[in-house]
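Chemist: Taking our numbering, the leading residue of the sequence shown gets 25, the next gets one more, and so forth.
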Amino acid sequence: MPSKPHFTPTRLGELATDLVDWYREHQRDLPWRRTRDPYAIWVSEVMLQQTRVEAVVGRYQQFMRRFPDIGSLAVADESEVLAQWAGLGYYRRARQLHAAARRVVEQEGGRLPRVAAALRLLPGFGAYTAGAVASIAFDQPVPAVDGNVERVISRLLALDENPKKGAAAVTVREVAQAMVLKAPPHELNQALMELGATVCTPRSPQCERCPWTVRCAGRRSGAPDRFPRVAPRKAAVDVTCYAAVARDGDRLLWRRRPPGGHNAGLWELPTTEWHGGAADPDMATQQLAALALEMGGQWKVGEPVATVRHGITHHRVSLVGYAVTASPAAYAGPDLIWATAEEARELGLTAAAQKLSRKLPPLL
Ligand code: SF4
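Okay, structure coming up:
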């Protein structure tokens, strides 16, 4: 069983007050904190999931210029939404944001529901996003527990179990819920996240700068970074795939990924399926030839021209670009396009295609 919280409701109230006082003085000035517009807060929360604040700021401002309100997002083409999302990754979030905007416009008169339980009925709203939007935009007293909050509360309590599971997860949520009843919800939840992002960071908590330094059980243990307890990571598996680099002058052949699968609707240099292990020239020739047939054509496979690596869940993927000689007339259709790399980026590329396109040797 995980340790029980050592804090009475009164103590949790004091902790909440100290935290919000600290937040008012030390919060970072971020564009989505200058507004109480529920739509803007929602967009920022979706962008911030699994993406660093520094990477989000510019994209958020650009996205809000293009889609300043929920109505403009709802009527946009999905391809444009994905293009505006380029660089943030996890495109499923963009699709769900778009689908939810449409539903809110069609069924809710264009207004986001104020209550977390109603928000959770919309595409893309899990417990965290619903809690964050309900509390930050509407001041509803509901918790918003993300990885930062799990870490901060695990350390505060010196919780000895994985806070993502079982009784420890319940404990973290109960403490977050108790605190959000004791301070303005829009500040309390952001303060918890801010503490985790700037002071109680994963590897080096700066306890001397923390408003909870005196009361924190993790700090008193002498090794706060031992918390939270997490399950060991799965060992990474090496896999390889091959992309066809077909040129026509400064244009390249791009293919839109099919609906339903990974990165659906995004564009890439035509790419084979993964195989286990390292790159193999025979396998590359064979698989790229099969890919040409699948696309209704043929091409001559040449030499490898660039390799990039990226991670997907617990896979380490090597993507090797091979020059191929293809006739532009043989490759045409709604999901194929000949375009320069700059033009293709405007359409929305997969992260791997972005990387590979930047690494291709210049034309001679
Ligand atoms: S005192 Fe240290 S370990 Fe405890 S919450 Fe603050 S930064 Fe984290």
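Note that the Cβ used here is the ideal one computed from N, Cα and C, for glycine as well.
CB Gly-345 to CB Leu-380, shorter than 7 Å?
Modeler: Their beta carbons are under 7 Å apart, which means Gly-345 touches Leu-380 by this criterion.
Chemist: Please classify Glu-292 as buried or exposed, where buried requires at least 16 neighbouring CB atoms within 10 angstroms.
Modeler: With 16 or more Cβ atoms within 10 Å of its Cβ, Glu-292 is classed as buried.
Chemist: How about Ala-270 and Val-348: do their beta carbons lie closer than 7 Å?
Modeler: Cβ distance < 7 Å, so Ala-270 and Val-348 count as in contact.
Chemist: Express the C-alpha separation of Ala-168 and Leu-373 in angstroms, rounding to a whole number.
Modeler: Taking the straight line joining both Cα atoms gives about 32 Å.
Chemist: Would you report the Cα separation of Pro-26 and Ala-192, rounded to the nearest angstrom?
Modeler: In this prediction, Pro-26 has a pLDDT of 43, which is less than 50 and means its spatial position is unreliable; nothing more can be read from the coordinates.
Chemist: Is it right to say Glu-185 is buried, meaning 16 or more other beta carbons lie within 10 angstroms of its own, or is it exposed?
Modeler: Buried, since its Cβ has 16 or more Cβ neighbours within 10 Å.
Chemist: With respect to the alpha helix (DSSP H) encompassing His-210, which residues constitute its N-terminal and C-terminal limits?
Modeler: Run containing His-210: 209–222, per the alpha helix (DSSP H) assignment.
Chemist: With distances taken from each beta carbon to the nearest heavy atom of the ligand ZN, which residues come in below 7 Å, in chain order?
Modeler: The ligand ZN is absent from the structure shown, which contains only the ligand SF4.
Chemist: Less than 8 Å between C-beta atoms, sequence neighbours within five positions excluded: which residues of the same chain meet that for Val-199?
Modeler: Hits under 8 Å: Pro-29, Phe-31, Leu-36, Ile-177, Leu-180, Leu-181.
Chemist: So, are the CB atoms of Ala-212 and Val-77 less than 7 Å apart?
Modeler: The question names Ala, but residue 212 is Leu in the sequence shown. No, they are not a contact pair.
Chemist: Taking buried to mean at least 16 other C-beta atoms within 10 Å of its own C-beta, is Arg-58 buried or exposed?
Modeler: That one is exposed.
Chemist: Taking a contact to mean a Cβ-Cβ separation below 7 Å, would you say Ala-260 touches Arg-333 in this structure?
Modeler: No, the Cβ-Cβ distance between Ala-260 and Arg-333 is not below 7 Å.
Chemist: Please work out which residues of its chain come closer than 7 Å, Cβ to Cβ, to Met-71, disregarding the five sequence neighbours upstream and downstream, and give them in chain order.
Modeler: If we look at Met-71 and ignore the five residues flanking it on each side, its Cβ neighbours are Val-80, Arg-83, Tyr-84, Leu-112.
Chemist: Within the same chain, show all residues whose beta-carbon is closer than 6 Å to that of Pro-62, passing over the 5 residues directly before and after it, in chain order.
Modeler: Excluding positions up to five away in sequence, the list reads Leu-136, Ala-161.
Chemist: Using DSSP bridges, identify the partner residues of Gly-335.
Modeler: According to DSSP, Gly-335 bridges with Arg-340.
Chemist: Within a Cβ cutoff of 7 Å, which residues of the same chain sit near Asp-359, ignoring the five residues on either side of it in sequence?
Modeler: Excluding positions up to five away in sequence, the list reads Arg-279, Arg-280.
Chemist: Would you give the residue range spanned by the beta strand (DSSP E) that Ala-270 belongs to?
Modeler: Taken as a continuous stretch (DSSP letters only), the beta strand (DSSP E) holding Ala-270 covers 261–272.
Chemist: Hey, which unbroken runs of the alpha helix (DSSP H) at 4 residues or more fall wholly within the region 99–159?
Modeler: Listed in chain order, the complete alpha helix (DSSP H) runs (minimum 4 residues) inside the region 99–159 are 102–109, 115–131, 140–143.
Chemist: Use the C-beta contact count for Lys-189: other C-beta atoms within 10 angstroms, 16 or more gives buried, fewer gives exposed.
Modeler: With fewer than 16 other Cβ atoms within 10 Å, it is exposed.
Chemist: Starting from Ala-368, trace the alpha helix (DSSP H) both ways and give me its first and last residue.
Modeler: That run of the alpha helix (DSSP H) goes 365–371.
Chemist: Please report the distance separating the alpha-carbon of Pro-282 from that of Leu-343.
Modeler: Pro-282 and Leu-343: Cα-Cα distance of roughly 19 Å.
Chemist: Output needed for Asp-42: all residues of its chain with C-beta closer than 6 Å, excluding positions within five of it in sequence on either side, in chain order.
Modeler: Closer than 6 Å at the Cβ level, and outside the excluded window around Asp-42, lie Pro-235.
Chemist: Quick check on Pro-305: does DSSP put it in helix, strand or coil?
Modeler: In the structure shown, Pro-305 sits in a helix (DSSP, three-state: H, G or I).
Chemist: Indicate the three-state DSSP secondary structure (helix, strand or coil) for Val-254 in the structure shown.
Modeler: Three-state DSSP puts Val-254 in coil, outside helix and strand.
Chemist: According to the neighbour-count rule (16 or more other Cβ atoms, all chains shown, within 10 Å of its Cβ), is Glu-130 buried or exposed?
Modeler: When all chains shown are included, Glu-130 counts as exposed.
Chemist: Compare the C-beta of Ala-215 with all C-beta atoms of chain D and state if any pair is closer than 7 Å.
Modeler: Any reference to chain D falls outside this structure, which holds one protein chain only.
Chemist: Roughly how many whole angstroms lie between the Cα atoms of Pro-55 and Ser-68?
Modeler: Pro-55 and Ser-68: Cα-Cα distance of roughly 9 Å.
Chemist: Relative to the C-alpha of His-210, which residue among Ala-98, Pro-33, Leu-384, Arg-60 is closest?
Modeler: Minimum Cα distance to His-210 is reached at Arg-60.
Chemist: Figure out for me which residue from Arg-239, Pro-252, Ala-308, Gln-214 has the closest Cα to the Cα of Ser-228.
Modeler: Comparing Cα-Cα distances from Ser-228 to each of Arg-239, Pro-252, Ala-308, Gln-214, the minimum goes to Pro-252.
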